[in-house]
Structures are given as C-alpha cells and as structure tokens.
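A short write-up of the structure that comes next.
Number of protein chains: 2
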Amino acid sequence: MKEVKIGILGFGTVGAGVVEGILKNGDLMAERTGIRPVVAKIADLDVETDRGVAVADGVLTTDAVAVIDDPNIDVIVELIGGVTIAKNFVLRALKNGKQVVTANKALLADFGEEIYRTAQENGAGIYYEAAVGGGIPVLRSQRAGLIGNRIESIYGILNGTCNYILTRMEREGLPFDEILADAQALGYAETPPDLDIDGVDTAHKAVVLASMAYGAPVPMDACPTAGIRGLSSQEIDNAEELGYRIKLLAIIKDNDGEVELSVEPTLVPEGHMIASVSDSFNAVFVKGDIVDDTMYYGRGAGRLPTGSAVIGDIMEAAADRLNEAGVPVSVTMMLQKETLAYCPAEKIEKRCYIRLSLLDQPGSMGKVMESLGRYNISIASVVQKERHTGGYVPVVILTHKAKEVEFASAIQEINSLSVSEAEPVRMRIEDFES
Amino acid sequence: MKEVKIGILGFGTVGAGVVEGILKNGDLMAERTGIRPVVAKIADLDVETDRGVAVADGVLTTDAVAVIDDPNIDVIVELIGGVTIAKNFVLRALKNGKQVVTANKALLADFGEEIYRTAQENGAGIYYEAAVGGGIPVLRSQRAGLIGNRIESIYGILNGTCNYILTRMEREGLPFDEILADAQALGYAETPPDLDIDGVDTAHKAVVLASMAYGAPVPMDACPTAGIRGLSSQEIDNAEELGYRIKLLAIIKDNDGEVELSVEPTLVPEGHMIASVSDSFNAVFVKGDIVDDTMYYGRGAGRLPTGSAVIGDIMEAAADRLNEAGVPVSVTMMLQKETLAYCPAEKIEKRCYIRLSLLDQPGSMGKVMESLGRYNISIASVVQKERHTGGYVPVVILTHKAKEVEFASAIQEINSLSVSEAEPVRMRIEDFES
C-alpha cells in the first residue's frame, strides 16, 4: 500500500473536518484507491484547544514553515484563510515542489495568477475544489467530465449565508435585518457579514469558475458585484406574485467570445431547478456546448462538506504525485491564455424588474414610460398596486431584454422625475435562455 | 504537445457524437490538458452511410479487430452496444493492455466483474462515465470528489424515456399508452420500449452505481425492478393531490452495512429537488457521510451529451496512460471486496401509497384496515373518493413505514377480500430521510 503524507496548515473548523474525515474513512480511501492518507503534521498557532478529533503525539506543531519544508511531506493543505500568510505559505510550498490543496477562494481570486504560474514553474500542483461550492465537486466536473465542452454559461448560487437569508425571508415574510441578526446568532452568518451579503464571497468564487471556464486568471474588477444587503421584503413578495424567486447569482457567460460576468440578486422563474435550491445549499448550473445543461448541488460550506472536497483533492494530488503526473489540469486550464476579452458594459443585455414609487396622479406612469422608451426599454408587464399612505403608489415593471447601460440611464432619469418618490429598485431577471 | 490515438468501435449515434465533439473542441482540449485527441480509426460494419461528420481518408474500417490490435492506438472506445460482440472486443482490448472507454451499461451490469478483473490483471483501465446518467459526471464525482465518503444513499432518475413519459402524463393528463406511442413516434422511446419502461435500463445503471458505492460488482438479481408500464393516470392525479410526483427511481442505500437496492416507481414530495427533474433529464442524489446531500443533473442520453461523457473518459484514460498511472480508481473501486451483503427482503422498510377499489358498503373499509393492522402497517392518511359507477369507490391510503414483506402479504390478503374489486395498486413513497 502506498502512502501519502499530509501536512495541514490551520487547525480551525475545516482543518478539524479534514482530520475527522480521514480518521473516519481513511481505510476506505486506501481500499478504494490503493493510497493511504496519513496526517503527518498539523500546524496551528494554537496547539492547545481541543478540536474534538484525535491527533497522535508529535503531529501538532506551531511551526508551519517546518511543515512546508519537511521533505517527507507530499501534500500541503492550506486552511489558514486570508491572503497574506496563506499566500506566502502556498508559494513556499509550491516552490518546494509540493502538491498544495487549498480552500481559500479569496487567495485564488486575488493572487491566482501568481499561484498558478508558481505551480507550473515548479512542476507542482494546486488543487482547490473546496474554494467553490464547498463539498460540491463542481470544479472537478468542469475540468474532467466536461473537459470536451466549450462553456456557454454558468449560473451559481455560491453563498450559503445569502441563500439562507433569502429562503427565510421568503418563507417567513420577515425583514432582511431581522433574519440576518438571527442568522448571526445561529452561526449561519459571520459578524461582520459584509463579505457574504455584499456579494464579495460569491464574486471570489465566480472569478475562479470563470478562470477555469475560459482559460486565464480573471481579476476581481472584471466582476461587477451587488449583494443582497437591505433587500426589501417587498421585492420578495412581488417576485413571488409574479412567479419568480430572488437568488444571489453569479452569472458567467460566453458572449460571442467575450466573457460576461457579474454577481447580482436575480429573479429566477420558480419552475427552474435553481429556484428550488433553498436554505444554505449551493448549486451551480453549467451549460456546455456538447453536454447541454448540467447542475451540481450540495452544501457550500461547513466543517465536513468542505472537508470532503479537501480530501478529494488530497487524494488526487497524491495520485498525481505518485504517478509523476506533473502539472495538473487544475493549473494548465487556468493558464491557457494571457488574458481574456470581457464583454463591455455597452454590450450587456438583460431583463429587469423595476419597482417604483410614483405620485398617484394622472401622467405619472406616462412620464416613466417615456423615459424607458427613450432608452429602448420595452415592457413585458406592469403591475400597479393600491395606493400607499402619502399619495404614492408602488409600481412594478418587468422589462424585455435591454442594454445594461440604457437601464442605468433610464433609472437615473426616472429617479430625477418629480413624480418618483425614493430611488427605484432594479434587479436582473434571468430566464436561462442560454 | 502529446497526442492520444483513439480507436472507436461503432459509428452510430454516440460514435458520431464523439467524433463531432472532438472535431469541434479538440484544440480546446489540447490547450486545456496538453494532450491532443486524435481519432485514428473508426470501425463499423457500415462504412458508407454519411453520419454528418467529416472523417479523414483511411480512418473508417470494417475491421474492428485490427483496430483493437493496432499497437499505435492508445484508447479503444466501445460504442457497439449489446453484450456479445462488445464483450469480446472490450476483453480483447484490455488483454492488449489498452485503455478502454465504454458507454455500455448492459455490458457492465452483466459482465462487470470479468471486465474489471481483466483490466486489473492487464494493468489497463476501463472508463464508463457515459454508462450512467449520460453526460452527467456522476460516477467521476463519486470516485474523485466524494472519494472520502462512505455512501449512505443514492436516488437516481436514470432513464430519460420514463421521466419524459411521466412528465407528459403529469402535464397533459393523457394515458400512458398514448404518451408512449407519441414518444415512440418522436424518437424519445425505442420500439420495443421494454428495456426502458420495465425499468431494466435503470437497473443496469443502478447496479453500476451500487458497485462503485460499495466496492464489489453487484449482480442484476440483487436489484428488484419494477417499471412504469401501464401506470394509470389515476396514480399521477392522486399523487399530485397529495403533494407528490411519481418518478421511476433507482434506490440504493447502506442499511447498517447491508446494501438495499431497487428500481421502482416512487412518490416523491413535490418540494424536493428530485421532483423538479422533468422531461428527459436525469438526476442522481448522492448522500455521503461527510459531504451530506449532493445532486448531479443533466441529459441522460443523446448523441452529444453522451459523447461529452465519453470524451471526458478518453482524456482521463489518455492522461493515465501517458503518466503510467496503472489501474485506475474506476477499476480498483469495483474490486475492493469479493461480494457484498444485501439487505434481505424481511428487513426492507418503506412507506407506501395504496389504491384500492372497494365495494361501497358498510364494513368494507374496516376489513381493509384489519388486514393492514394484522401486518403492522399503520396509516398516515386515507382519502375516499366519490362513488364510481358500479358500486365501487376508489380509496387511497398513504402508510407509515412498514416492512416490504408485510406489505406484500397484506396486499395479497386485501386482494382476496370480496369487498375489493381489481388488484390493489401499490407504490413506494420516499421522503429522503436518509
């Protein structure tokens, strides 16, 4: 039986999950693959706290560098998080020719190019399934099962916290702030919650997915990002009445050779599979030019689900090392091109949901329609609700497809109209046509 | 750039799809992986018919054995189907030490053990992603991404024809025979349709999934199989009223170390993701002890989707060969044990839907309840519909969990009651508790 010696950096939630998984099923993995995973070293600044998993004497250490430099260790698993120390450690391990496994989406989003190139130059591999979609083997599906496909589009629910909040808002009809506070109390949302609810975490994952789909590192600033902070229950209710649900989506498309990329709250038809993804689950829809629609669903976070993905990577990294497979596809796929062409804002088209609060007097609606018409935005449906107190009525408009830049201009113009109270709310509608 | 030389046996629908995919995206695959796929030979008895894809001179041949024996060919792709010639060719290729890719579920279900052992003995690999779930990378997810998981349960919609028929019956309210005839006319169902609608095709795929999950070849007779032939619209309507949909499910569970396995039409809660899988799409729910619930969704058949899975396998087989990786996990995972323990019928428990046609007279229902009680079957709900013509009333019973063998005895007893007209209809209800 061959063995793979693993050095884990960071003994937090996921680190403990990985160790637990290997303790539990290490024998099974050895039976299945012929390779026995052995946790040789675990480095953490805190070697005292009980993580609830058994660790043999001499395995725990505070000296991460010694683990990275240990010639007996085949695979380094980075589970520290952040982009400073983690980056140094990952680069050092790759320069040592180690196989590296990481769950660190921020690190790949911000410094992916440097990391992939360092791996390539040193004949090493970096594996990062756990960075996107937690336990869901979605990157592996892209780089193995779908390797023969040009990727036409990817739609992802990639942040469990946001999906949990949206699901509860929908079910319970309570306001965003209240659900968020409760989610924080229950440990489903971080404090502060910014990275999650402002969409940044989703964007980190989106750029990794897009990089793999189109073959070059994608910078974060190529991904316009909006989160769900302060989303009103009115939007949830209106969407439901109209046959939609609101999801925070990562949207990645090949627009005639140019990459369209964004993270934004989006109305999705309630009959579509992605609308059924609830609570803290994640899901990724991938459409390939050969395979057509596929979807991958599972837990996007958590000690064991993320641990499952890390373990899958460890075993692949081990097999690649034992077979002297060289630089793996998880690296070569990210470095096919120097750079990508991105779809300029002027070319991006979408459908939108627009909610206005209009002065309840003749001509109000006419002025709005005039503005929309001026920017070539045509209307699919309009619902005017009963009058609110204060002489304003809520109006909900669903548009046909129009240009993003024209939406922006039209909304600005409508906002400046005297008949419009408060800033209009606008969200994307996605019908998954491509 | 490295090259992989491919020999394809069988130039039918899927064969042409594979060639089309490689023609279309071969450059992309080479860029991504560093390996260029080259279709060196295609063997078919018919080398005249135009398959709509360009093939270079000298590639087409009627001599399959020459292709299998050609020392220049690295990967043999078996797309002939059936279990006679295909078996001989696959075994011969493995004995030649070739990597073999197949989409042939019947072959693996019937002769998997011999094939995996031949691969192992000859240091070769057999890859068969396309045999289960068409284009969906579900086997690869099990043997790579989820490699660290003990599989607790698998629920699969694995036959697109059945799912298409069920979806249309549900939407259009038309009888089974009519939809089947239409599906045949449209090319969505084979003539004769037996393998699909009697559940045999689903069972072929179920035993492959179960073999991989639990580590030994599973014989077809370990999988009790019922299809959807003659399913009445009444069942579809009743299920809908009760908040369920009917799906033909492959059900695979680890029951305390014993494998429970079946293929049967099953009522699934309409809110569950698997209920949203419609038309000819397939989906597989896999629950691992570490990763928890995951799901994989996509097209279960068709020239290009199946071609996509075959191409993924070709590229993996090529990489394994170039890296001298030896016998792959797709073989070792199937041969961990000599044999598996199966859950005996006396231990299998499920919930059921039962539809009876009862004489509309006092005491009828009492007799039925008495029979159910005698076999320890307790009732979750009963709906008695209005009287039919002829003095019989339809009664629908949803039970709690009870033993399969007791259901069988109770139904036999009820069928013999003078108050019961026609044979009772019984189907599983699955709540996905584990």
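Chains A and B supply the protein sequences, listed in that same order. 149 is the number of the first residue of the first sequence in the working numbering; add one for each residue after it. 149 is the number of the first residue of the second sequence in the working numbering; add one for each residue after it. Glycine is no exception: its CB is placed at the ideal position from the N, C-alpha and C atoms.
Taking 7 angstroms as the cut-off, the beta carbon of Lys435 (chain A) is found closer than this to the beta carbon of Glu300 (chain A). Asn386 (chain B) carries a helical assignment under DSSP once its states are collapsed to helix, strand and coil. Shown in chain order are the members of the region 284 to 311 of chain A whose Cβ falls below 8 angstroms from a Cβ of chain B: Ile284, Pro285, Arg288, Ser289, Arg291, Ala292, Gly293, Leu294, Ile295, Gly296, Asn297 and Arg298. Contact annotation for Arg447 (chain A) against chain B: Val439, Asp440, Asp441 and Thr442 [CB-CB distance below 9 angstroms, chain order].
Gln484 (chain A) has a beta carbon lying within less than 7 angstroms of a beta carbon in chain B.
By the C-beta density criterion, Thr454 (chain A) is buried, having at least 16 other C-beta atoms within 10 angstroms. Relative to Ala202 (chain B), the option among B:Val553, B:Asn252 and B:Ile170 whose CA is nearest is B:Ile170. Legend: CB atoms of the region 451 to 462 of chain B lying less than 7 angstroms from CB atoms of chain A belong to residues Leu452, Pro453, Gly455, Ser456, Ala457, Ile459 and Gly460.
The Cβ-Cβ distance between Val348 (chain A) and Val366 (chain A) does not fall below 7 angstroms.
In the three-state scheme derived from DSSP, where H, G and I count as helix and E and B as strand, Phe159 (chain A) is classed as coil.
Residues Cys500, Ile502 and Ile559 of the same chain have their beta carbon placed closer than 6 angstroms to that of Arg574 (chain B), with the five preceding and five following residues left out of the count. Within chain A, the C-beta atoms nearer than 7 angstroms to that of Gly436 (chain B) come from Ser456, in chain order. Counting only Cβ-Cβ distances below 7 angstroms, Glu277 (chain A) has contacts in chain B at Gly293, in chain order.
Interface annotation, Glu179 (chain B): in contact with chain A, CB-CB separation under 7 angstroms.
Its Cα nearest to that of Val531 (chain B), the residue B:Leu504 stands out among B:Leu504, B:Ala370 and B:Asp346.
A straight line joining the alpha-carbon of Gly283 (chain A) with that of Leu227 (chain B) spans about 33 angstroms. Look at Leu322 (chain B) here: in three-state DSSP terms it is coil, with no helix or strand label.
Contact of Met368 (chain B) with chain A is not assigned, every C-beta pair being separated by 7 angstroms or more. Contact between Pro372 (chain A) and Leu396 (chain A) does not hold, since the beta-carbon distance rounds to 13 angstroms and is not under 8 angstroms.
Identification of residues in the region 220 to 254 of chain B having a C-beta nearer than 7 angstroms to some C-beta of chain A yields an empty set. When DSSP states are grouped into helix, strand and coil, Val475 (chain B) belongs to the coil group.
Between Met481 (chain B) and chain A, the shortest Cβ-Cβ separation is below 7 angstroms. Between Gly375 (chain B) and Glu418 (chain B), the C-beta gap is not smaller than 7 angstroms, which leaves the two residues out of contact. Taking Ile183 (chain B) as reference, the option from B:Ala465, B:Leu452, B:Leu256 and B:Ser426 with the minimal CA-CA separation is B:Ala465. In its chain, beyond the 5 residues on either side, Ala254, Leu255 and Asp258 have a beta carbon closer than 6 angstroms to the beta carbon of Val231 (chain A).
Between the region 472 to 489 of chain B and the region 520 to 531 of chain B, the count of C-beta pairs closer than 8 angstroms stays below three; the two stretches do not touch.
By the 16-neighbour rule on beta-carbons within 10 angstroms, Ala272 (chain B) is buried. Within chain B, the residues Arg180 and Thr181 have their CB atoms less than 7 angstroms from the CB of Val477 (chain A), given in chain order. Using a CB distance cut-off of 7 angstroms, Ser380 (chain B) does not count as an interface residue toward chain A. Using beta-carbon distances, Gly169 (chain A) counts as an interface residue toward chain B, with a partner under 7 angstroms. Taking Arg469 (chain B) as the centre and dropping the five residues before and after it, the same chain places the C-beta of Asp222 and Gln247 closer than 6 angstroms to its C-beta, in chain order. With respect to the C-alpha of Ser526 (chain B), the residue from B:Glu534, B:Met517 and B:Met463 having the closest C-alpha is B:Met517. The C-beta of Met421 (chain A) comes closer than 7 angstroms to at least one C-beta of chain B.
Looking at A:Val407, A:Gly281 and A:Gln332, the one whose alpha-carbon comes closest to that of Gly304 (chain A) is A:Gly281.
Close partners of Gly363 (chain A) in chain B (Cβ separation under 9 angstroms): Leu176, Glu179 and Arg180. Interface annotation for the region 403 to 433 of chain B against chain A: Met421 and Ser424, criterion Cβ-Cβ distance under 7 angstroms.
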